[in-house]
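*Asks:*
Protein chains in written order, with this note's numbering: chain A, 971 to 1080; chain B, 5 to 118.
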């Protein structure tokens, strides 16, 4: 199993600012997913990016993937208080167990 | 509404008293799995199932059992719970195996073993 490592562990920003969190992994992947978890609740899928893709957008979310650096980033633009949550990446290689990293805790202050 | 349901949502029990946490999905998904989430450790997979009657161990299977007799249900069984199994548990399902596809998570079951 391969676990991604999110960075930073915690991030506090003001409403309206952009938030960037990063994910690093160790071996080659087929895809990488990002999930969000509001406090104590189930995870919600945000984006899946495949190894042959470099960037993907979904609303205010932008995910990039750099397979040469074995890293991904999640950018949330114009953040809102409702974006306060933990964000997890999950790099995946076929045939391996699906493993989540420890997450980045994002706090968006009003 | 497409969803994964878990019951109970909260459970306090004592060491050694067998318990079952149910999980059900209404999306006709092939793949289901159980995770536990502990502070500082993120989510760790306990067991997963590729299809009916097919189950396999995840990263932390000790002390747990599962069964998949029907496609929609995937109960988690703790035959003799111990305090180190106090945790937040999530069931998840997806069309294809875990990393191939979007996983849909249940709301979680917070278990305390005294």
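We put the beta carbon where it would ideally sit given N, CA and C, even for glycine.
1) Roughly how many whole angstroms lie between the Cα atoms of residue 78(B) and residue 19(B)?
2) Find out if the Cβ-Cβ distance for the pair residue 28(B), residue 72(B) is shorter than 8 Å.
3) Is it buried or exposed, residue 1065(A), if we count other Cβ atoms within 10 angstroms and call 16 or more buried?
4) I need the boundaries of the beta strand (DSSP E) containing residue 1035(A), first residue and last residue.
5) Quick check on residue 89(B): does DSSP put it in helix, strand or coil?
6) When the Cα atoms are used, what is the spatial distance from residue 111(B) to residue 94(B)?
7) List, in chain order, every chain A residue whose beta-carbon is nearer than 7 Å to that of residue 9(B).
8) Identify which residue in 68(B), 89(B), 50(B) and 15(B) has its Cα closest to the Cα of residue 62(B).
9) Residue range of the beta strand (DSSP E) that residue 49(B) falls in?
10) Report buried or exposed for residue 1078(A), applying the criterion of at least 16 other Cβ atoms within 10 angstroms of its Cβ.
11) Of the residues that make up the stretch 46–72 of chain B, which ones have a beta carbon closer than 7 Å to any beta carbon in chain A?
12) Tell me which same chain residues have a C-beta within less than 8 Å of the C-beta of residue 1063(A), skipping the five on either side of it?
13) Using a Cβ-Cβ cut-off of 6 Å (strictly less than) and excluding sequence neighbours within five positions of residue 1026(A), which residues of its own chain qualify?
14) Who are the Cβ neighbours of residue 1046(A) in its own chain at under 7 Å, not counting the five residues just before and after it?
15) Buried or exposed, going by whether 16 or more other CB atoms sit within 10 Å of the CB of residue 1080(A)?
16) Report yes if the CB atom of residue 30(B) is closer than 8 Å to the CB atom of residue 10(B), and no otherwise.
17) Could you spell out the range, first to last residue, of the beta strand (DSSP E) harbouring residue 1061(A)?
18) Let me confirm a value: residue 1048(A) is counted as buried when at least 16 other C-beta atoms fall within 10 Å, else exposed. Which label applies?
*Replies:* So, from the listed chains and residues:
1) Residue numbering aside, residue 78(B) sits at position 74 when the second chain is read from its first letter. Residue numbering aside, residue 19(B) sits at position 15 when the second chain is read from its first letter. Computed Cα separation, rounded: 23 Å.
2) Residue mapping note: residue 28(B) aligns to position 24 of the second chain, counting from 1. Residue mapping note: residue 72(B) aligns to position 68 of the second chain, counting from 1. Their beta carbons are not under 8 Å apart, which means residue 28(B) does not touch residue 72(B) by this criterion.
3) The residue given as residue 1065(A) occupies position 95 in the first chain. It is exposed - the Cβ of residue 1065(A) has fewer than 16 other Cβ atoms within 10 Å.
4) Residue numbering aside, residue 1035(A) sits at position 65 when the first chain is read from its first letter. From DSSP, the beta strand (DSSP E) with residue 1035(A) extends over 1031–1036.
5) Walking along the second chain from the start, residue 89(B) turns up at place 85. In the structure shown, residue 89(B) sits in a helix (DSSP, three-state: H, G or I).
6) Working through the second chain from its first residue, we reach residue 111(B) at position 107. Working through the second chain from its first residue, we reach residue 94(B) at position 90. Going by the C-alpha atoms only, they are around 7 Å apart.
7) Position 5 of the second chain, counted from the start, is the residue given in the question as residue 9(B). Correct list: empty, because the minimum Cβ distance to chain A is about 11 Å.
8) Translated into positions along the second chain, residue 62(B) becomes position 58. The candidate whose alpha carbon is nearest that of residue 62(B) is 50(B).
9) Looking up residue 49(B) in the second chain gives position 45. Where residue 49(B) is concerned, the enclosing beta strand (DSSP E) stretches over 46–55.
10) Taking the first residue of the first chain as 1, we reach residue 1078(A) at position 108. The residue in question, residue 1078(A), is buried, as its Cβ has 16 or more Cβ neighbours within 10 Å.
11) 46, 47, 49, 62 and 63
12) Numbered from its first residue, the first chain carries residue 1063(A) at position 93. The answer, listed in chain order, is 972, 997, 998, 999 and 1000.
13) Numbered from 1 along the first chain, position 56 holds the residue referred to as residue 1026(A). 1017, 1019 and 1033.
14) The sequence position of residue 1046(A) within the first chain is 76, counting from 1. Within the same chain, residue 1046(A) has close Cβ partners 988, 989, 1030, 1031 and 1053.
15) For the purposes of this step, residue 1080(A) is identified with residue 110 of the first chain, where counting begins at 1. Classification for residue 1080(A): exposed.
16) Your numbering for residue 30(B) matches position 26 in the second chain. Your numbering for residue 10(B) matches position 6 in the second chain. No, the Cβ-Cβ distance between residue 30(B) and residue 10(B) is not below 8 Å.
17) For the purposes of this step, residue 1061(A) is taken as residue 91 along the first chain, with counting starting at 1. Per DSSP, residue 1061(A) belongs to the beta strand (DSSP E) from 1055–1062.
18) The sequence position of residue 1048(A) within the first chain is 78, counting from 1. So residue 1048(A) counts as exposed.
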